[in-house]
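Numbering (UniProt numbering), first residue to last: 14 to 296. Reading through the structure tokens given below for one structure.
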Ligand code: BV8
Ligand code: ZN
């Protein structure tokens with residue numbers, strides 16, 4: 014049900030010939046962003062998607078915002094946890110999950126998404142790096158305590174973070190006190206924070222090392238750039254790293270990417286909803 018133009022079907026053929034030729038395409042890296050979850054109903058960051066009520070996500074996804082107004086930042090993340098938990102993985106997630114089971118160690122996804130949908134879509138966790146953390150990881154902010162909880166899907170985390178109390182737009186956001194926010198069950202005094210990477214925070218070294226080791230060990234033959242505006246660093250830098258190695262690039266986006274001339278035979282652009290174009294391209 015995707016309108017396949019003549020141009021698209023010829024580049025699909027060229028792509029299929031390449032991706033199914035083990036002498037040409039052994040190792041695949043995917044860089045995925047918010048556009049992969051758009052078909053699941055989760056807003057992207059650019060344009061209108063980047064706003065929650067009157068706030069721009071980038072202004073709330075910072076340590077300063079959290080330490081100056083933890084209640085507001087927790088309401089923002091409680092809202093996103095709730096939306097992600099009530100969203101379903103789409104055919105784009107499922108296509109990548111299938112590829113992960115076919116390719117195994119010759120496939121790696123660097124995900125900028127924190128919504129947990131790739132895992133719920135069945136992608137082999139060994140092939141998935143959550144470069145920007147996860148909405149469902151909690152960390153203690155007490156310096157001496159190292160409490161981290163993964164896969165916490167409780168919704169709401171506390172009574173005050175129940176969307177019934179602040180979900181609808183026309184209710185003013187209640188201002189929450191510290192003791193109404195999630196606290197550490199281990200040290201019992203630290204405030205918990207969402208286990209996501211905020212702007213200005215350095216990436217987790219083990220994720221960067223795993224990505225670099227994968228790229229150096231194998232040499233990447235193809236990078237799939239899926240639903241990302243390539244505006245966030247250093248995640249965006251992996252596209253050039255692969256191209257500088259001589260890898261080919263396939264872009265799956267609703268917008269044409271001006272950075273890549275589709276003339277040369279080293280790149281493909283599949284314009285449309287990646288929940289539709291990915292299953293076609295990876296079939
Ligand atoms: C770092 C988790 C070292 C939180 C996110 C000044 C001071 C400090 C740092 C910087 C600075 N200037 C620049 C930096 C670096 C900064 C950065 O990149 N800033 C940007 C604004 C320029 N990066 C960092 O801070 C990183 N850390 O560099 O540490 C350091 C340390 C100290 C000082 C300097 C450097 C950490 C970045 C991580 C931020 N955390 N997420 C949360 O989610 O709340 S980023 C967040 O936004 C998302 O995770 C995601 O990565 C990003 C949005 O990007 P996309 O996923 O691409 O989404 P977007 O909406 O932009 O695009 C969607 C695309 O999909 C579009 O192209 C659209 O056309 C397409 N699309 C839409 N629908 C579909 C579709 N495609 C296909 N199908 C569809 N249906
Ligand atoms: Zn603690």
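Beta carbons are placed, not taken as given, at the ideal position from N, Cα and C, and that holds for glycine. These figures come from a predicted structure and were not determined experimentally.
In this structure, DSSP gives residue 254 a helical state, which the three-state scheme calls helix. Counting only residues of its own chain and dropping the five nearest sequence neighbours on each side, residue 102 has a CB closer than 6 Å to the CB of 130, 133, 134. DSSP lists 235 as the bridge partner or partners of residue 261. When the Cα atoms are used, residue 216 and residue 210 turn out to be separated by approximately 7 Å.
The criterion of a C-beta distance shorter than 8 Å is satisfied by residue 204 and residue 83.
Residue 20: member of the alpha helix (DSSP H) spanning 19-32, first to last residue.
By the neighbour-count criterion, in which a residue is buried when 16 or more other Cβ atoms sit within 10 angstroms of its Cβ, residue 136 is buried. DSSP places residue 290 in the uninterrupted alpha helix (DSSP H) bounded by 287-294.
CA-CA distance, residue 229 to residue 40, rounds to 11 Å. In this model, residue 107 and residue 114 are separated by some 11 Å (Cα to Cα). With a threshold of 7 Å, the Cβ atom of residue 200 counts as near ligand 2, since some heavy atom of the ligand is closer than that. DSSP places residue 217 in no beta strand (DSSP E); its state is neither H nor E. When secondary structure is reduced to three states using DSSP, residue 162 falls in the strand class. Excluding residues up to 5 positions away in sequence, 65, 73 lie with their Cβ nearer than 6 Å to the Cβ of residue 89 in the same chain. In the assembly as shown, residue 30 is an exposed residue. Its beta-carbon has fewer than 16 other beta-carbons within 10 Å. Just so you know, the alpha carbons of residue 42 and residue 119 end up roughly 8 Å apart.
Residue 124 is bridged by DSSP to 45, 143.
Closest option to residue 147, judged by alpha-carbon separation, among 191, 94, 171, 178: 94. Burial check for residue 143: the Cβ neighbour count within 10 Å reaches 16 or more, so the residue is buried. CA-CA distance, residue 189 to residue 248, rounds to 34 Å. A contact is defined here as three or more CB-CB pairs under 8 Å, and the segment 283-290 meets this definition with respect to the segment 261-273. In terms of Cα proximity to residue 79, the closest of 154, 237, 243, 57 is 154. Using a 10 angstroms sphere on the CB of residue 227, the tally of other CB atoms reaches 16 or more, which defines it as buried.
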